[in-house]
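Novice:
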Ligand code: NAI
Ligand code: MG
C-alpha cells in the first residue's frame, strides 16, 4: 500500500483565527491518529496584520515558493481593521492565494443541525443539506473596464464580465461530478438568461452540453432571483447548486445564513487538478470584537478541516476509504456536540472555544 504524508501549511492569521486554529489542529490530529492518516502541519507566522506592521507587507516576497510544495493551506482568518485597512490585508494574502493558486472552485456546504436554532420557520434538521459551488476566478469579478469623461455630464464607467469556455466548463463539470456522487443527484444551475442576454445564455448552453455527459443527474436551471427566494422558502429542494462568481458569492452567504450561526460555516477553495495547494478556511473573519477571550465557536474551522481530509481522499474518481471515514467521523462529532453541548456563547452556551474543541476531538478519537 502506498502511503503519502500530506503536508499542510497552517496559517492562523489574525484574531480568532489563532484560537480556532488550535482547535482545528487538535481535531485533525485526533482524526489522523484514528484513521491512520499521515498529516504534517507546518505553521507560518505571516499573512497577519502584525507581520504587516513589522515588515510593510502581509507576506514574505517568496511566499509562493514557500507554499508551493504543500498539499493544502489550512487558513484561519485575516484582518484587523484598527491596524491595517481590510482591502490591504485581504488583497495582500487570501486573495493572492485564491488567484495565484488557481483555486477556481469555492465550495460551501450548508446544513441545518439539531441543536442550532434555524432562522427559517418550521425547518428541521435534514430539511437543509446542500452545497453551493461558486466559480472563483472570473465571471463578473474582473478588472477589465474603465471610466471616461470624468466629471462631465458624459461621465460613464464600464465593467466587463468574462465567461471563458474553459472557466465555465470546468466549474460546471466539477458541480455535475459532485451531484453525481451524492444520493439525490440533483443540480441546480443559477442563471439570469432572461436579463443578461449574452453571457448567461452562454452559461446555460454550456450547462446543457455538460449535462449530456451526466444523464443520471437531474438538472434544474433557475433564475437567480427566484432561486434566492427558494433558499428561504424551500431550502429542501436543493442538493448541489452551481453559480457564477457574483451569484455564487451571494448564495454562499445566504445559504449558511439560512442554517443558523456564522460560526459553523466552512469553505474550501479548490484547485481540483492539484497543480497548486487548495485552501480550507472558515467563512467567518477574525472577529476582533470577541478575540482573545476563548469564546469563539471553532466548528467552522474544524468542519473546514474535515473538507480538507475528504479532498485528500478523492483521487482520480475513487475515494480512499479512510479519508472519507475521517471526514464523516468529524461531522458526526460536530453533530453530537451541537446536540448535547458543550456550546459556545454564540449558540447560547457558556463553554469556551477549547472546551468545544476538546469535546469534538475526544469524540473523534473514541468513535461511539
Ligand atoms: P467576522 O466574521 O469576523 O465577524 C462578524 C460577527 O460574527 C462578529 O460579531 C463576530 O464576533 C461573530 N463571529 C464570527 N466568527 C465567529 C465565531 N467563530 N464564533 C462566534 N462568533 C463569531 O466579520 P467582520 O467583523 O466583518 O470582520 C472582521 C475582520 O475579519 C475584518 O478585518 C474582515 O476583513 C475580516 N474577514 C476576513 C475573512 C477571511 O479571512 N476569509 C472573512 C470575513 C472577514
Ligand atoms: Mg462574500
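Residue numbers (the numbering used here): -15 to 352. Backbone N, C-alpha and C fix where the C-beta goes; we use that ideal spot for every residue, glycine too.
Can the beta-carbon of residue 95 be found less than 7 angstroms from the beta-carbon of residue 253?
Specialist: By one-based count along the chain shown, residue 95 stands at place 111. By one-based count along the chain shown, residue 253 stands at place 269. No. Outside cutoff.
Novice: Locate the beta strand (DSSP E) running through residue 119, then write down its first and last residues.
Specialist: Locating residue 119 in the chain shown gives position 135, where the first residue counts as 1. Segment 113 to 119, the beta strand (DSSP E) holding residue 119.
Novice: Assign residue 282 to buried or exposed, taking buried as 16 or more other Cβ atoms, counted over all protein chains shown, within 10 Å of its Cβ.
Specialist: Numbered from 1 along the chain shown, position 298 holds the residue referred to as residue 282. That one is buried.
Novice: Taking 8 angstroms as the cut-off, does the region 274 to 289 touch the region 236 to 249 (at least 3 CB pairs, one atom from each stretch)?
Specialist: They touch, by the three-pair rule.
Novice: Run through DSSP, which three-state label would residue 356 get?
Specialist: This structure does not reach residue 356, given that the chain is present from -15 up to 352, and the question cannot be answered.
Novice: Measure the alpha-carbon distance for residue 342 versus residue 323 and round it to whole angstroms.
Specialist: Here residue 342 refers to the residue found at position 358 when the chain shown is read from its first residue. Here residue 323 refers to the residue found at position 339 when the chain shown is read from its first residue. Near 16 angstroms, if we compare the C-alpha coordinates of residue 323 and residue 342.
Novice: Considering only the alpha carbon of each residue, which of 98, 28, 217 and 23 lies closest to residue 318?
Specialist: Against the chain shown, residue 318 aligns to sequence position 334. Taking only the C-alpha atoms, the option nearest residue 318 is 98.
Novice: Less than 6 angstroms separating the Cβ of residue 330 from some heavy atom of the ligand NAI?
Specialist: For the purposes of this step, residue 330 is identified with residue 346 of the chain shown, where counting begins at 1. Yes - the ligand NAI has a heavy atom lying nearer than 6 angstroms to the Cβ of residue 330.
Novice: Leaving aside the five residues before and after residue 53 along the sequence, list all residues of the same chain whose C-beta is less than 8 angstroms from its C-beta, in chain order.
Specialist: On the chain shown, position 69 is the one that residue 53 refers to. Closer than 8 angstroms at the Cβ level, and outside the excluded window around residue 53, lie -9.
Novice: Which stretch, first to last residue, makes up the alpha helix (DSSP H) that contains residue 164?
Specialist: Residue mapping note: residue 164 aligns to position 180 of the chain shown, counting from 1. 149 to 165 is the span of the alpha helix (DSSP H), which, as asked, contains residue 164.
Novice: For residue 300, does the three-state DSSP call read helix, strand or coil?
Specialist: If you number the chain shown from 1, residue 300 lands on position 316. Reliability fails at residue 300, whose pLDDT of 45 lies under 50, so the model's placement of it is uncertain and the value that follows must be treated cautiously. Correct three-state label for residue 300: coil.
Novice: If I measure Cβ to Cβ from residue 314 and keep anything under 8 angstroms in the same chain, skipping five residues before and after, which residues do I get?
Specialist: For the purposes of this step, residue 314 is taken as residue 330 along the chain shown, with counting starting at 1. Cβ within range, chain order: 11, 15, 286, 287, 289, 290, 293, 344 and 348.
Novice: For the ligand NAI, I want to know if residue 269 counts as a neighbour, meaning its beta carbon is within less than 6 angstroms of at least one of the ligand's heavy atoms.
Specialist: On the chain shown, position 285 is the one that residue 269 refers to. Yes.
Novice: List the residues that DSSP assigns as beta-bridge partners of residue 123.
Specialist: Taking the first residue of the chain shown as 1, we reach residue 123 at position 139. Residue 123 is bridged to 146.
Novice: Note down the Cα distance separating residue 256 from residue 250, rounded to an integer number of angstroms.
Specialist: Sequence index remark: in the chain shown, residue 256 carries index 272 (1-based). Sequence index remark: in the chain shown, residue 250 carries index 266 (1-based). Computed Cα separation, rounded: 18 angstroms.
Novice: Could you pull the start and end residues of the alpha helix (DSSP H) that residue 214 belongs to?
Specialist: As a position in the chain shown, residue 214 is number 230, starting the count at 1. Segment 208 to 217, the alpha helix (DSSP H) holding residue 214.
Novice: For residue 146 versus residue 126, is the C-beta spacing smaller than 7 angstroms?
Specialist: Along the chain shown, read from residue 1 onward, the residue named residue 146 stands at position 162. Along the chain shown, read from residue 1 onward, the residue named residue 126 stands at position 142. Cβ atoms of residue 146 and residue 126: closer than 7 angstroms.
Novice: For residue 65, which option in 269, 278 and 279 has the closest C-alpha, if you only look at C-alpha atoms?
Specialist: Against the chain shown, residue 65 aligns to sequence position 81. Residue 269 is the option with its Cα nearest to residue 65.
Novice: For residue 328 and residue 165, I'd like the C-alpha separation in whole angstroms.
Specialist: Here the question's residue 328 lines up with position 344 in the chain shown. Here the question's residue 165 lines up with position 181 in the chain shown. If you take the alpha carbons of residue 328 and residue 165, they lie about 34 angstroms apart.
Novice: Of the choices 89, 41, 46 and 261, whose alpha-carbon is the least far from that of residue 73?
Specialist: In the chain shown, the residue the question calls residue 73 occupies position 89. Of the listed residues, the one whose Cα sits closest to residue 73 is 41.
Novice: Does the region 329 to 341 come close enough to the region 262 to 280 to have 3 or more Cβ pairs within less than 8 angstroms?
Specialist: Yes, the region 329 to 341 is in contact with the region 262 to 280.
Novice: Rounded to whole angstroms, what's the CA-CA distance from residue 264 to residue 61? Just pull it up for me.
Specialist: Taking the chain shown and counting its residues from 1, the one referred to as residue 264 is at position 280. Taking the chain shown and counting its residues from 1, the one referred to as residue 61 is at position 77. One C-alpha to the other measures close to 11 angstroms.
Novice: My parser needs the alpha helix (DSSP H) runs of 4 or more residues fully inside the region 33 to 58; what are they?
Specialist: Listed in chain order, the complete alpha helix (DSSP H) runs (minimum 4 residues) inside the region 33 to 58 are 33 to 39 and 47 to 52.
Novice: Under 8 angstroms, with one C-beta from each stretch per pair, do the region 131 to 138 and the region 168 to 183 reach the 3-pair mark?
Specialist: Touching, no, given that fewer than three Cβ pairs across the two stretches are closer than 8 angstroms.
Novice: Determine the DSSP secondary structure at residue -7, reduced to helix, strand or coil.
Specialist: Locating residue -7 in the chain shown gives position 9, where the first residue counts as 1. Looking at residue -7 - three-state DSSP - the assignment turns out to be strand.
Novice: Which residue or residues does DSSP assign as beta-bridge partners of residue 170?
Specialist: In the chain shown, residue 170 corresponds to position 186, counting from 1. Partner(s): 202.
Novice: Specify the secondary structure class of residue 266 as computed by DSSP and reduced to three states.
Specialist: The sequence position of residue 266 within the chain shown is 282, counting from 1. Strand.
Novice: Comparing C-alpha positions only, which one of 196, 111 and 38 sits nearest to residue 153?
Specialist: Working through the chain shown from its first residue, we reach residue 153 at position 169. Of the candidates 196, 111 and 38, the one whose C-alpha sits nearest the C-alpha of residue 153 is 196.
Novice: Among residues of its own chain, excluding the 5 on either side of residue 217, which ones have a beta-carbon nearer than 7 angstroms to its beta-carbon?
Specialist: Working through the chain shown from its first residue, we reach residue 217 at position 233. Around residue 217: no qualifying Cβ.
Novice: Leaving out five residues before and five after residue 201 in sequence, what residues of the same chain have Cβ atoms less than 8 angstroms from its Cβ?
Specialist: For the purposes of this step, residue 201 is taken as residue 217 along the chain shown, with counting starting at 1. For residue 201, where only same-chain residues beyond five positions count, the Cβ hits under 8 angstroms are 160, 163, 164, 169, 170, 171 and 195.
Novice: Label residue 70 either buried or exposed according to how many other C-beta atoms from any shown protein chain fall within 10 Å of its C-beta, with 16 as the threshold for buried.
Specialist: Sequence index remark: in the chain shown, residue 70 carries index 86 (1-based). So residue 70 counts as exposed.
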